[in-house]
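The opening position of the sequence shown corresponds to residue 39 in my numbering, with each subsequent residue numbered one higher.
Just so you know, even glycine gets a beta-carbon here, dropped at the ideal spot from N, CA and C.
The model shown is predicted, which means the values in this text are computed figures rather than measured ones.
As structure tokens, the structure follows; a few thoughts come after it.
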Amino acid sequence: MRERSRFQRRSRRSLSAEYPSLYAAFDPEAAGPAADLTALLRPAVHADVDGLLAFDMTLIVRTREQWVETIDKAIRGERLLLVAEVDGTVAAFAQSHHLDEHPVNHAPAGHYLTGVTVLPRYRRAGLARDLTRARLDRIEEQASEAWYFADAENAASIRLHTQLGFVEVSRGPSIHDVTFRSGEGVLFRLELGARRRGGGPSTV
Ligand SMILES: CC(C)(COP(=O)(O)OP(=O)(O)OC[C@H]1O[C@@H](n2cnc3c(N)ncnc32)[C@H](O)[C@@H]1OP(=O)(O)O)[C@@H](O)C(=O)NCCC(=O)NCCS
């Protein structure tokens, strides 16, 4: 899969400062990089490992060996791992998995979006939205619904996903094997047919 996504938005403020925390500061008014930004969305390959090691400031941090293993699983079709490449730099990555029902907290079985991370200097240019639409398109080839969960305090992530149609289902201290910094996570579901009917055009 090779996709191109184009962004031509003017900045209302500089986003060059690195965000200090794991979650992006919630800022509904921000806009993305001032310069035109052309991203190539594609599956991750082993040559991306050095770039992926730069994502050491956020939620999903892996060693070189762990990234190689993750890419191997994606190549075997056991999960999805997409990257957004901007001028030869891995600017963002996003993954999804199928998870079985959790034996303890009973989080449902299904296809889950299991993380999207954008390097701070590339944020608010639509990369996460495009990577999420691309993952949902893949999931829709196999299922009629998709799942996502986040820390209740990760307002930026929750806004991104609810704008794409995800609806809150439940809250709890753990969802699948994940516990949350705030103490509470939120589980969301998206009916994929509803997205087609009313959720706007797909990027793929
Ligand atoms: C959350 C994150 C993935 C968003 O990436 P991004 O590429 O900047 O997001 P997009 O540009 O695609 O934003 C799409 C929409 O999401 C919402 N959004 C994204 N970041 C936001 C923020 N900081 N504050 C408020 N809304 C935000 C907005 O509605 C935005 O649309 P708009 O720019 O037209 O207003 C990014 O901030 C990140 O990597 N955060 C750290 C890791 C993380 O929390 N990942 C999610 C884990 S579940």
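Cα separation between Arg209 and Ser195?
Working through the sequence shown from its first residue, we reach residue 209 at position 171. Working through the sequence shown from its first residue, we reach residue 195 at position 157. Whole-angstrom Cα-Cα distance: 16 Å.
In its own chain, which residues sit with a C-beta less than 6 Å from the C-beta of Thr157, not counting the 5 before and 5 after it?
Within the sequence shown, residue 157 is the residue found at index 119, counting from 1. The question names Thr, yet the displayed sequence has Leu at residue 157. Correct list, in chain order: Ala129.
Would you call Ala63 buried or exposed, if buried means 16 or more other Cβ atoms sit within 10 Å of its Cβ?
Here residue 63 is taken as the residue at index 25 of the sequence shown, counted from 1. Per the 10 Å Cβ criterion, exposed.
Reduced DSSP secondary structure (H/G/I, E/B, other) of Pro158:
For this step, residue 158 is matched to residue 120 along the sequence shown. The answer is helix: DSSP assigns Pro158 an H, G or I state.
In whole angstroms, what is the alpha-carbon distance linking Glu222 and Glu206?
For the purposes of this step, residue 222 is taken as the residue at position 184 of the sequence shown. For the purposes of this step, residue 206 is taken as the residue at position 168 of the sequence shown. Straight across, the Cα-Cα distance linking Glu222 with Glu206 is about 13 Å.
For Met95, which of His84, Pro211, Tyr61 has the nearest alpha-carbon?
Taking the first residue of the sequence shown as position 1, residue 95 is located at position 57. A check of alpha carbon separations from Met95 across His84, Pro211, Tyr61 identifies Tyr61 as the nearest.
Using 8 Å for Cβ pairs, my map puts Leu174 next to Leu118. What's the rounded Cβ distance?
The residue given as residue 174 occupies position 136 in the sequence shown. The residue given as residue 118 occupies position 80 in the sequence shown. Rounded to the nearest angstrom, the Cβ distance from Leu174 to Leu118 is 11 Å, too far for a contact under 8 Å.
Leaving out the 5 sequence neighbours to the left and right, which residues in its chain are closer than 8 Å to Ala55 when beta-carbon positions are compared?
Here residue 55 corresponds to residue number 17 of the sequence shown, with the count starting at 1. Residue placement at Ala55 cannot be trusted, given a pLDDT of 34 that sits under 50; the coordinates are not used to answer.
Alpha-carbon to alpha-carbon, Gly153 and Ala85
Numbered from 1 along the sequence shown, position 47 holds the residue referred to as residue 85. Numbered from 1 along the sequence shown, position 115 holds the residue referred to as residue 153. Our two residues, Ala85 and Gly153, have alpha carbons roughly 21 Å apart in a direct line.
Taking Leu91 and Arg102 to be in contact with their CB atoms under 8 Å, please state how far apart those CB atoms are, rounded to whole angstroms.
On the sequence shown, residue 91 is found 53 positions in, with the first residue counted as 1. On the sequence shown, residue 102 is found 64 positions in, with the first residue counted as 1. Leu91 to Arg102, Cβ: 6 Å. Contact.
So does Arg159 have its beta carbon nearer than 8 Å to some heavy atom of ligand 1?
Sequence index remark: in the sequence shown, residue 159 carries index 121 (1-based). For ligand 1, not one heavy atom lies less than 8 Å from the Cβ of Arg159.
Kindly indicate which three-state DSSP category Thr179 falls into: helix, strand or coil?
For this step, residue 179 is matched to residue 141 along the sequence shown. Reading off the sequence, residue 179 comes out as Glu, not Thr. Here Glu179 sits in coil by DSSP.
Would you say the beta carbon of Gln133 is closer than 8 Å to some non-hydrogen atom of ligand 1?
Indexing the sequence shown from 1 puts residue 133 at position 95. In this structure, the C-beta of Gln133 stays at least 8 Å away from each heavy atom of ligand 1.
Does the distance from the C-beta atom of Asp189 to that of Phe226 stay below 9 Å?
The residue you call residue 189 lines up with position 151 of the sequence shown. The residue you call residue 226 lines up with position 188 of the sequence shown. Pairing Asp189 with Phe226 gives a Cβ-Cβ distance that is not under 9 Å.
Helix, strand or coil for Ala132, going by three-state DSSP, please let me know.
Along the sequence shown, one-based indexing puts residue 132 at 94. In this structure, Ala132 counts as strand in the three-state DSSP scheme.
For Ala92, is the beta carbon positioned less than 8 Å from some heavy atom of ligand 1?
Taking the first residue of the sequence shown as 1, we reach residue 92 at position 54. No, since every heavy atom of ligand 1 falls outside the 8 Å radius drawn around the Cβ of Ala92.
Just reading off the alpha helix (DSSP H) that Thr108 is part of, what are its end residues?
The residue given as residue 108 occupies position 70 in the sequence shown. Residues 102-113.
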